[in-house]
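Okay, so here's the structure we're looking at.
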Amino acid sequence: VRNCCLEKESAWWFLHEVKVMSHILYPLAGPEELDVDEKIGMDPDLWLEGPDKERETDDTTRLFLVESVLLLLMTSRKSREMIRKARTYVILKYADMVEELEQVSDRVNECVQYLRRDEEGTAEGSSDKMVTNQFRRDAGETKEGDDGAGSPRLALPPSTTYSKASTEADVDYDGVD
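For our numbering, add 4 to where a residue sits in the sequence shown, where the first one is 1.
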């Protein structure tokens, strides 16, 4: 995968058609319990296994996976936005907390610098806010330009079969959101 990520022209295809981020992040994800806010927009496969999930044990494989993320982050602003929306930062943050190999940890830090920085020509803190607002808009919680303050945050986007007209729509079965 890492060698394929060297082709800058392939980044869009990898991110949108192949949806490679979930496949790259899965071996890096571990058994940590994620907050509801951290799960918003994340592929459920990355957190559903819970404490049974084992992180990749091979140092070289972890290094290549993190370098793949770094190569995709370097391609373009749109690629970085897509990677932010995949909640890559959350997985890398937890992976780095338990990482023993300094070389892998250094690459994770480089990825975090790309993920957390503000893009050129945008306001301070806008990269993080952009991801949060995008999820809220996708979930129908806010309108364009609304900051969404005071609105509920859903762990997952609402189902396409969800209907406000339903009498069961206001019942919170799991107490999560």
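Note that beta-carbon positions come from the ideal geometry of N, C-alpha and C, so glycine has one too.
- Our two residues, GLU37 and SER26, have alpha carbons roughly 18 Å apart in a direct line.
- Here the segment 31-48 makes contact with the segment 90-98; the two share three or more CB pairs at distances below 8 Å.
- Between LEU32 and ARG88, the C-beta gap is not smaller than 8 Å, which leaves the two residues out of contact.
- Inter-residue distance for LYS23 and SER83 is about 12 Å (C-alpha atoms, whole angstroms).
- Annotated three-state conformation of THR65 is helix, per DSSP.
- In the three-state DSSP reduction, GLU53 falls in the coil class, being neither helix nor strand.
- Of all C-beta pairs linking the segment 9-20 to the segment 49-64, fewer than three are shorter than 8 Å, placing the two stretches out of contact.
- For ARG120, the enclosing alpha helix (DSSP H) has its first and last residue at 106-120.
- For ARG6, the enclosing alpha helix (DSSP H) stretches over residues 6-9.
- By the neighbour-count criterion, in which 16 or more other beta carbons inside 10 Å mark a residue as buried, VAL102 falls on the exposed side.
- Following the DSSP letters along the chain, one finds THR92 inside the alpha helix (DSSP H) bounded by residues 92-102.
- The DSSP-derived three-state label of SER14 is helix.
- Counting of Cβ neighbours within 10 angstroms places THR64 among the exposed residues, the total staying below 16.
- ARG81 and VAL94 have their C-alpha atoms roughly 19 Å apart.
- Here DSSP, grouped into helix, strand and coil, assigns PRO35 to coil.
- Taking the Cα positions, GLN117 is about 25 Å away from THR61.
- Proximity to CYS8 across ILE44, GLN107, TYR30 and VAL73 peaks at VAL73, based on C-alpha coordinates.
- For CYS115, same chain residues with a beta-carbon under 7 Å away, outside a window of 5 residues either side, are VAL70, VAL73, LEU74, LEU77 and LEU96 in chain order.
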